[in-house]
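One structure is given here, and the rest of the page talks about it.
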Amino acid sequence: MTMSINLVLLFLLVIIAIAAVTIKDLLSAVILLGAYSFLMALAWVEMQSVDVGFMEATVGAGVTTAFMIAALARTTRWEKK
Amino acid sequence: MNPAKEKGSVVVQTVSRIMIPFIQLFALYVIFHGSLGPGGGFQGGAVFASSFILYIVVFNIARGKKRVPESTNTALSSAGLYIYAGVGLLSMIFSLGAAQYLNYGFIPFTSHFEGNRAIGIDLVEIGVGMTVMAIMISIFFDLAWDKGKEKEE
Amino acid sequence: MKRFKATALILVILLGGLFIYVAEDIPDFGDPNAPSIKSVKLFDLHAGPSENILNQGGIPGALTSALEKRKFPLPSRAEKVPGEERQWNIFIPKNEAHYANEEKYYWVVKEGEQLRIYRYAFVVRWFEKGLKETDVPNMVTHGLADYRGYDTLGETVVIFTAGVSVILLLRRRGKL
Numbered sequence: 015m016t017m018s019i020n021l022v023l024l025f026l027l028v029i030i031a032i033a034a035v036t037i038k039d040l041l042s043a044v045i046l047l048g049a050y051s052f053l054m055a056l057a058w059v060e061m062q063s064v065d066v067g068f069m070e071a072t073v074g075a076g077v078t079t080a081f082m083i084a085a086l087a088r089t090t091r092w093e094k095k
Numbered sequence: 006m007n008p009a010k011e012k013g014s015v016v017v018q019t020v021s022r023i024m025i026p027f028i029q030l031f032a033l034y035v036i037f038h039g040s041l042g043p044g045g046g047f048q049g050g051a052v053f054a055s056s057f058i059l060y061i062v063v064f065n066i067a068r069g070k071k072r073v074p075e076s077t078n079t080a081l082s083s084a085g086l087y088i089y090a091g092v093g094l095l096s097m098i099f100s101l102g103a104a105q106y107l108n109y110g111f112i113p114f115t116s117h118f119e120g121n122r123a124i125g126i127d128l129v130e131i132g133v134g135m136t137v138m139a140i141m142i143s144i145f146f147d148l149a150w151d152k153g154k155e156k157e158e
Numbered sequence: 104m105k106r107f108k109a110t111a112l113i114l115v116i117l118l119g120g121l122f123i124y125v126a127e128d129i130p131d132f133g134d135p136n137a138p139s140i141k142s143v144k145l146f147d148l149h150a151g152p153s154e155n156i157l158n159q160g161g162i163p164g165a166l167t168s169a170l171e172k173r174k175f176p177l178p179s180r181a182e183k184v185p186g187e188e189r190q191w192n193i194f195i196p197k198n199e200a201h202y203a204n205e206e207k208y209y210w211v212v213k214e215g216e217q218l219r220i221y222r223y224a225f226v227v228r229w230f231e232k233g234l235k236e237t238d239v240p241n242m243v244t245h246g247l248a249d250y251r252g253y254d255t256l257g258e259t260v261v262i263f264t265a266g267v268s269v270i271l272l273l274r275r276r277g278k279l
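Chains as they are written, first to last, in the working numbering: chain A, 15 to 95; chain B, 6 to 158; chain C, 104 to 279.
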């Protein structure tokens with residue numbers, strides 16, 4: 015049971031990480047990184063380290079996404095070829 | 006630049022005006038219950054900072070700067086560090102140099118050595134939370150793009 | 104450029120193979136008796152008659168001299184591990200250099216004719232005594248803020264430095 019949850023989480027993590035690296039729209043990449051952080055927080059909680067999961071959810075999915083969007087507002091949205 | 010002139014969505018403003026106090030209450034809960042359950046100074050400070058970031062995003066930067074002035078941010082960030090270092094120093098002072106730095110057990114809050122350590126841990130967490138909150142708000146202020154200000158330059 | 108890519112591919116495959124090989128040794132999550140968490144192996148000794156001495160709570164002379172030669176803290180008394188044959192906890196006396204009270208420090212196992220000497224890892228003390236010593240139920244919090252207080256102080260200083268450098272680099276004008 016837990017093994018299958020772990021496998022699904024890790025599989026989604028790899029897919030989201032590859033998508034965040036390859037996508038051309040930087041705003042989407044930032045949002046995908048937020049989703050990555052949230053899934054990572056779920057994985058931490060599943061591994062019974064609630065403190066680290068809490069840290070990942072607040073800092074990784076919350077504050078870092080806001081910082082990156084704020085930084086993105088000063089540059090362009092689309093990656094240049 | 007007149008703050009009252011720039012208007013956002015009424016729904017978002019009303020909802021966040023209701024939600025922000027509860028987010029801050031939860032942040033304080035996380036900081037003060039860091040010794041009993043999951044959480045601690047860093048997480049609570051990040052949640053507290055994200056409530057202010059929500060305020061800045063929903064309303065505008067000028068109103069945010071009025072609510073959380075930059076001078077307060079700078080003062081709070083160093084004050085948290087001073088609390089941490091000061092608690093460590095207090096333990097040396099109260100034991101007349103016998104205890105090590107950051108050995109909270111020798112500060113006479115209560116009559117028990119272990120209880121002193123628990124209260125020392127709580128104080129330290131408050132210091133960490135203050136520093137993290139102030140630094141994150143200050144970084145967001147510096148990163149955020151203020152349209153009116155850019156035009157002036 | 105192509106040579107770099109091939110080299111990178113080979114390195115990544117080697118690294119992945121190394122990770123898979125190492126993953127065999129990772130203990131189960133949350134197992135406090137896993138070897139890498141519980142103890143650090145120090146050295147072996149020839150057993151001889153020392154089993155009887157250890158059973159009576161004394162310390163064999165060979166063990167004391169071996170510890171003294173390697174500059175480890177000297178032992179004071181031995182005690183059987185509850186529920187285990189041929190395993191002993193060895194304590195160090197009061198007012199050792201870093202410990203105010205008497206502490207359980209070494210772990211001796213007899214296998215065949217050899218005495219294996221281990222030193223308990225810090226995690227054991229953390230598991231067994233953390234709640235009693237600090238009155239804080241959350242293990243992570245009393246580890247971060249009390250046992251590893253210098254670490255957290257340094258971490259806070261790092262965050263403070265990051266904020267100050269962002270202020271210095273990005274804030275063009277206005278009051279500090």
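Virtual Cβ for every residue (Gly too), placed ideally from N, Cα, C.
As the structure is a prediction and not an experimental result, all values here were calculated from the model.
Query                                                                                                                               : Result
T77 of chain B: contacting residues in chain C (beta-carbon distance under 7 Å)                                                     : The premise fails here: T77 of chain B is roughly 11 Å from chain C at the closest Cβ pair, so nothing lies under 7 Å.
4 or more residues per run - each alpha helix (DSSP H) lying fully within the segment 53-84 of chain B                              : 66-72
Closer than 7 Å at the beta carbon, the chain A residues around V261 of chain C                                                     : Going along chain A, no residue has its Cβ under 7 Å from V261 of chain C, so there is no contact; the nearest lies around 14 Å.
Start and end residues, beta strand (DSSP E) containing E60 of chain A                                                              : Note, E60 of chain A: premise wrong, no beta strand (DSSP E); alpha helix (DSSP H) at L40 to E60.
Buried versus exposed, by CB contacts within 10 Å (16 or more), R122 of chain B                                                     : buried
Check whether L86 of chain A and V44 of chain A have beta carbons under 8 Å apart                                                   : yes
Below-8 Å beta-carbon distance, R88 of chain A vs any chain B residue                                                               : yes
Nearest-angstrom beta carbon gap, L46 of chain A and L23 of chain A [assumed within contact, 8 Å]                                   : 16 Å between Cβ atoms; not a contact.
Beta-carbon contacts of I2 of chain B that lie in its chain and below 6 Å, excluding the five residues immediately before and after : Residue 2 of chain B falls outside the range modelled here, since chain B spans only 6 to 158, and no answer is possible.
Where E187 of chain C falls, given that 16 or more other Cβ within 10 Å makes a residue buried                                      : exposed
Stretch pair the segment 41-49 of chain B + the segment 228-244 of chain C: three plus CB contacts closer than 8 Å                  : yes
Euclidean distance between Cα positions of F114 of chain B and G120 of chain B                                                      : 8 Å
Short CB-CB distance (under 8 Å) between Q48 of chain B and chain A                                                                 : yes
Minimum Cβ-Cβ distance from N253 of chain C to chain B less than 8 Å                                                                : Before going on, a small fix: residue 253 of chain C reads as Tyr here, not Asn. Closer than 8 Å: yes.
Cβ separation of S284 of chain C and P130 of chain C, assumed to be a contact under 8 Å, to the nearest whole Å                     : Because chain C spans 104 through 279 in this model, residue 284 of chain C falls outside it and cannot be assessed.
DSSP beta-bridge partners of H201 of chain C                                                                                        : Per DSSP, none; premise fails for H201 of chain C.
Contact list for I144 of chain B against chain C, beta-carbon separation under 8 Å                                                  : A265, G266 and V269
Sufficient close CB pairs (3 or more, under 8 Å) joining the segment 61-70 of chain A to the segment 128-144 of chain B             : no
Cβ pair L148 of chain C, I220 of chain C closer than 8 Å                                                                            : yes
As assigned by DSSP and simplified to three states, the class of E182 of chain C                                                    : strand
Reduced DSSP secondary structure (H/G/I, E/B, other) of F175 of chain C                                                             : coil
V226 of chain C - DSSP class collapsed to helix/strand/coil                                                                         : helix
H245 of chain C in three-state terms, based on DSSP                                                                                 : helix
Cβ distance (whole Å) where L81 of chain B is taken to contact M141 of chain B below 8 Å                                            : Wrong, their Cβ atoms sit about 11 Å apart, outside the cutoff.
Interface flag, F68 of chain A vs chain B, CB-CB below 8 Å                                                                          : yes
Reference K174 of chain C, options C:R106, C:R180, C:E199 and C:L157, closest by Cα                                                 : C:E199
Under 8 Å by beta carbon: chain A residues contacting S165 of chain B                                                               : Residue 165 of chain B lies beyond the stretch modelled for chain B, which goes from 6 to 158, so this question has no answer here.
Check whether L170 of chain C and P178 of chain C have beta carbons under 8 Å apart                                                 : yes
Residue from A:A31, A:E60, A:M61 and A:I37 whose Cα sits closest to the Cα of S51 of chain A                                        : A:A31
Span of the alpha helix (DSSP H), counted from its first residue to its last, around E154 of chain C                                : S153 to N158
Simplified DSSP state of R219 of chain C, which is helix, strand or coil                                                            : strand
Pick from A:S63, A:S42, A:K95 and A:A49 that is closest to V28 of chain A, judged by C-alpha positions                              : A:A49
Closer than 8 Å to chain B by CB, A57 of chain A                                                                                    : no
Presumed contact (8 Å Cβ cut-off) between S76 of chain B and I270 of chain C, rounded CB distance                                   : Wrong, their Cβ atoms sit about 12 Å apart, outside the cutoff.
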